[in-house]
Amino acid sequence: MVLPMALLRTAQNQPMMVELKNGETYSGVLASCDGFMNLHMRDIVCTSRDGERFWKIPECYVRGNSIKYLRLPDEVIDMVKDEPQSRKEIRQQFKARGRGGRGGKGEGRGGRGRGRGGEAAGPGEKRAGGTAAGAGKKARG
Numbered sequence: 245m246v247l248p249m250a251l252l253r254t255a256q257n258q259p260m261m262v263e264l265k266n267g268e269t270y271s272g273v274l275a276s277c278d279g280f281m282n283l284h285m286r287d288i289v290c291t292s293r294d295g296e297r298f299w300k301i302p303e304c305y306v307r308g309n310s311i312k313y314l315r316l317p318d319e320v321i322d323m324v325k326d327e328p329q330s331r332k333e334i335r336q337q338f339k340a341r342g343r344g345g346r347g348g349k350g351e352g353r354g355g356r357g358r359g360r361g362g363e364a365a366g367p368g369e370k371r372a373g374g375t376a377a378g379a380g381k382k383a384r385g
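Quick note on the numbering used here: the sequence shown kicks off at 245 and runs consecutively.
Listed below in structure tokens is the structure:
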């Protein structure tokens with residue numbers, strides 16, 4: 245399975261043709277792309293929607309949400325690196341990088357030590373002011 249962003253990253257420095265929603269086409273070399281499918285292209289020939297006018301543009305930026313479709317050489321698809329086949333493989337890749345998940349020793353958002361101040365208490369330790377449930381209450385006799 246070839247994912248669109250992997251295909252675009254592989255297509256960098258390759259010729260491509262982009263048709264926009266307004267009908268204009270841009271044929272040139274893909275210089276770079278980002279996660280929103282915005283494209284930076286070089287050496288472009290722009291064609292009007294009616295196909296009667298042409299412009300040679302040295303460089304342009306195409307906003308991703310204005311793209312109708314892209315045409316790439318077949319060789320680019322063969323060059324795409326193997327992508328994970330399933331969601332499980334994707335999750336395993338992220339876990340290997342140490343991302344996501346909960347946990348570990350009170351670090352990150354919402355861990356221990358985010359309250360009334362003082363040092364963070366580890367498991368089985370009490371805070372200096374007593375327990376959180378009994379803080380500020382007097383025992384009734």
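For glycine and all other residues, C-beta sits at the position ideal for the given N, C-alpha and C.
Item: Status (buried if at least 16 other CB within 10 Å, exposed otherwise) for I301; Value: exposed
Item: Option nearest K265 by Cα separation, candidates V306, Q258, I311, L316; Value: I311
Item: 8 angstroms Cβ cutoff met for P248 and P317; Value: no
Item: Limits of the alpha helix (DSSP H) - the one that A255 falls within; Value: No alpha helix (DSSP H) contains A255, which DSSP labels as neither H nor E.
Item: For P317, the three-state DSSP class (helix, strand or coil); Value: coil
Item: Contacting residues, own chain, Cβ-Cβ under 6 angstroms from A255 (five flanking each side not counted); Value: L274, L316, V320
Item: C-beta atoms of V306 and L283 nearer than 8 angstroms; Value: yes
Item: Helix, strand or coil at S310 [DSSP, three-state]; Value: helix
Item: Range of the contiguous beta strand (DSSP E) that encloses G272; Value: 269 to 277
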